[in-house]
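Undergrad: Numbering (our numbering), first residue to last: 96 to 485.
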Amino acid sequence: MRESTLMEKVTKRTISSSSIFFLCFYIFSSSILFLAGKSAAKLSYDGDNDNVTALFIFGDSFLDAGNNNYINTSTLDQANFPPYGQTFFGLPTGRFSDGRLISDFIAEYAKLPLIPPFLEPGDSQKKLSGVNFASAGAGALVETFQGSVISLRTQLEHYKKVERLWRIKFGKEESKKRISRAVYLISIGSNDYSSPFLTNQSLSISMSQHVDIVIGNLTTFMHEIYKIGGRKFGFLNVPDLGCFPALRILKQNNDSCLRDASRLANMHNKALSSLLFKMQRQLKGFKFSLFDMNKSLKLRMHHPSKFGFKEGEEACCGTGKWRGVFSCGGKRIVKEYKLCENPDDYIFWDSLHLTQNTYKQFANLIWNGGHMSDSLVVGPYNINSLFQIS
Numbered sequence: 096m097r098e099s100t101l102m103e104k105v106t107k108r109t110i111s112s113s114s115i116f117f118l119c120f121y122i123f124s125s126s127i128l129f130l131a132g133k134s135a136a137k138l139s140y141d142g143d144n145d146n147v148t149a150l151f152i153f154g155d156s157f158l159d160a161g162n163n164n165y166i167n168t169s170t171l172d173q174a175n176f177p178p179y180g181q182t183f184f185g186l187p188t189g190r191f192s193d194g195r196l197i198s199d200f201i202a203e204y205a206k207l208p209l210i211p212p213f214l215e216p217g218d219s220q221k222k223l224s225g226v227n228f229a230s231a232g233a234g235a236l237v238e239t240f241q242g243s244v245i246s247l248r249t250q251l252e253h254y255k256k257v258e259r260l261w262r263i264k265f266g267k268e269e270s271k272k273r274i275s276r277a278v279y280l281i282s283i284g285s286n287d288y289s290s291p292f293l294t295n296q297s298l299s300i301s302m303s304q305h306v307d308i309v310i311g312n313l314t315t316f317m318h319e320i321y322k323i324g325g326r327k328f329g330f331l332n333v334p335d336l337g338c339f340p341a342l343r344i345l346k347q348n349n350d351s352c353l354r355d356a357s358r359l360a361n362m363h364n365k366a367l368s369s370l371l372f373k374m375q376r377q378l379k380g381f382k383f384s385l386f387d388m389n390k391s392l393k394l395r396m397h398h399p400s401k402f403g404f405k406e407g408e409e410a411c412c413g414t415g416k417w418r419g420v421f422s423c424g425g426k427r428i429v430k431e432y433k434l435c436e437n438p439d440d441y442i443f444w445d446s447l448h449l450t451q452n453t454y455k456q457f458a459n460l461i462w463n464g465g466h467m468s469d470s471l472v473v474g475p476y477n478i479n480s481l482f483q484i485s
């Protein structure tokens, strides 16, 4: 989100009238209170504080806060037009939802401001509490939507630039402490597995080989972050892609999910879990939280009313069966779209993404999961615990 300025410039002048002074003070104070009430995330934040636990965010559209606003790409990979952002921000920010994402809620729970996109111009001071590198459409494979998104490999290069700037800002030792104390939140893989179906291309290798390459690239990425100093990682696994509206409509005359897409997601999740536990055994100080987004989403789709939803399969915004055509906003290939009255009633915002209400429920699980009835979907740490570890 582009952060609005909290204070207007106050020009020092000699004013003899005390009434004018107090009137100005009242207006100024009221403005501050109004903006603070709009979003706690907009409050000023001291990134220079030695006790800051920063949040670095990598991945895809589940976490992208607007990086794709600043790259040369198509509207297929952008969400900087209405009705995106309508529920919370009141305007589009580049987030693929009606409001906030999981990462926005995690930042709030950690008492951090909204974490800015790496490519967002402006005050670098805002990036001392963390940076969001995620890019909608990105994958662990460089080939995934290549040329239209910021791949995980490039996101890593962007992170290295920030790390170098931190060394200049804080000094080598202090920067090292901050890097190791930071939490790294990652969502990657969904586009690597959904893109062959969405682009009507068949895999040139077996499913298991495809998963192995994705996990191999992810392993390299993780080791690079660890080598630089990162120790605390939060992962979202890949949801049941075949049951997303955009993939379900690819099955003609059949109401079931797209089995091969769901199978790839399950294979990935099994391999990801094995990888993380292996790294925990092998790498000193490595700690992680793995959120089973796949299971959590299935539970809500199968029992929407149990979680406060009225609709578990159809998207709020789009067209066609289940509103599975990716047309929300009318700026993409298909211009026609319908918009639901209350996004909070829906699990899916558009045919490929979730509503703020869904993301908030997931963020609560990720933050507190180890202490709730849904403990099986988060482990071995919850994100709150990772923020507490020094």
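Beta carbons are placed, not taken as given, at the ideal position from N, Cα and C, and that holds for glycine.
(1) Determine contact between the segment 147 to 157 and the segment 281 to 289, defined as no fewer than three beta-carbon pairs at a distance below 8 angstroms.
(2) How would you write the range of the alpha helix (DSSP H) that Leu392 sits in, first residue to last?
(3) Which same chain residues, not among the five before or five after Ser297, have their C-beta less than 6 angstroms away from its C-beta?
(4) What separation, rounded to the nearest whole angstrom, lies between the Cα atoms of Glu269 and Thr239?
(5) For the segment 336 to 345 against the segment 405 to 419, do three or more pairs of beta-carbon atoms, one drawn from each stretch, fall closer than 8 angstroms, so that the two count as touching?
(6) So, under 8 angstroms CB-CB, Ile461 and Gly329 are touching, yes? Tell me the CB distance rounded to an integer number of Å.
(7) Taking Cβ to Cβ, would you say Leu214 is nearer than 8 angstroms to Asn162?
(8) Classify Ser246: buried if its beta carbon has 16 or more other beta carbons within 10 angstroms, exposed otherwise.
(9) Under the DSSP definition of a beta bridge, which residues are partnered with Asn61?
(10) In whole angstroms, give me the CA-to-CA distance for Lys255 and Asp199.
(11) With a CB to CB cut of under 6 angstroms and the five nearest residues on each side skipped, what residues in its chain are close to Gln483?
(12) For Phe292, which residues from the same chain have a beta carbon less than 7 angstroms from its beta carbon, with the 5 sequence-adjacent residues on both sides left out?
(13) May I have a chain-ordered list of the alpha helix (DSSP H) segments no shorter than 4 residues that lie completely inside the segment 347 to 416?
(14) Helix, strand or coil, according to DSSP, for Tyr476 in the structure here?
(15) What are the partner residues of Gly194, as DSSP defines its beta bridges?
(16) Just curious, the beta strand (DSSP E) that Ser275 is in, first and last residue?
(17) Of the residues Gly407, Ala205, Gln250, which one's Cα is nearest the Cα of Asn312?
(18) Whole angstroms are fine: how far does the CA of Thr168 sit from the CA of Cys412?
(19) Taking the alpha-carbon of Gly380 as reference, which of Phe184, Ser485, Ser219 has the nearest alpha-carbon?
(20) How would you call Val333, buried or exposed, if buried means at least 16 neighbouring beta carbons within 10 angstroms?
(21) Going by the beta-carbon positions, is the gap between Ala233 and Val226 smaller than 8 angstroms?
(22) In chain order, what residues of the same chain have a beta carbon less than 7 angstroms from the beta carbon of Lys271, not counting five sequence neighbours either side?
(23) Would you give the residue range spanned by the alpha helix (DSSP H) that Gly311 belongs to?
(24) Compute the Euclidean distance between the alpha carbons of Ser400 and Asn459, then round it to the nearest angstrom.
(25) Give me the DSSP bridge partner(s) of Leu449.
(26) From the DSSP output, in three-state form, read off Lys433 for me.
(27) Just grab the DSSP bridge partners of Leu331 for me.
(28) With a threshold of 7 angstroms on Cβ separation, who are the neighbours of Ile478 within its own chain once the five nearest residues in sequence on each side are excluded?
(29) Helix, strand or coil: which one does DSSP assign to Val420?
(30) Pop quiz: Tyr204 and Arg190 are said to be a contact at Cβ under 8 angstroms. What is the actual Cβ separation, rounded to whole angstroms?
(31) Please report the distance separating the alpha-carbon of Thr450 from that of Ser290.
(32) Identify, in the order they occur along the chain, each residue of the same chain with its Cβ nearer than 7 angstroms to the Cβ of Cys338, setting aside the five sequence neighbours on each side.
(33) Within 10 angstroms of its Cβ, does Pro216 collect 16 or more other Cβ (buried), or is it exposed?
(34) My assumption, with CB atoms under 8 angstroms, is that Val309 sits in contact with Ala235. Please give the rounded CB distance.
(35) Under 8 angstroms, do Asp172 and Gln181 count as touching if we go by C-beta distance?
(36) Hey, quick one: how far does the alpha helix (DSSP H) through Arg343 stretch, first residue to last?
TA: The short version:
(1) These segments touch.
(2) For Leu392, the uninterrupted alpha helix (DSSP H) segment begins and ends at 388 to 397.
(3) none
(4) Taking the straight line from one Cα to the other gives about 37 angstroms.
(5) yes
(6) 7 angstroms
(7) The criterion of a C-beta distance shorter than 8 angstroms is satisfied by Leu214 and Asn162.
(8) Ser246 is buried by the Cβ-count criterion.
(9) Lying before the first or after the last residue shown, residue 61 is absent from the chain, which here runs from 96 to 485.
(10) 22 angstroms
(11) Closer than 6 angstroms at Cβ, skipping near neighbours: no residue.
(12) Leu342, Leu345, Leu353, Ala356
(13) 354 to 377, 388 to 397
(14) Tyr476 falls in the coil class under three-state DSSP.
(15) Gly194 is not bridged to any residue.
(16) Ser275 -> not in any beta strand (DSSP E); alpha helix (DSSP H) instead, spanning 267 to 276.
(17) Gln250
(18) A straight-line Cα-Cα distance of about 22 angstroms links Cys412 and Thr168.
(19) Comparing Cα-Cα distances from Gly380 to each of Phe184, Ser485, Ser219, the minimum goes to Ser485.
(20) buried
(21) In this structure, Ala233 sits away from Val226, with a CB-CB distance that is not shorter than 8 angstroms.
(22) Gly324
(23) Looking at the DSSP string, the run of the alpha helix (DSSP H) that includes Gly311 is 302 to 323.
(24) 18 angstroms
(25) Answer by DSSP bridge pairing, in chain order: Phe443.
(26) strand
(27) Per DSSP, the beta-bridge partners of Leu331 are Ser282, Phe386.
(28) Ile201, Val278, Gly329, Ser384, Ile461, Trp462
(29) strand
(30) With 8 angstroms as the limit, Tyr204 and Arg190 do not qualify as a contact, their Cβ atoms being about 18 angstroms apart.
(31) 22 angstroms
(32) Cys352, Ser357, Met396
(33) exposed
(34) 5 angstroms
(35) no
(36) 340 to 343
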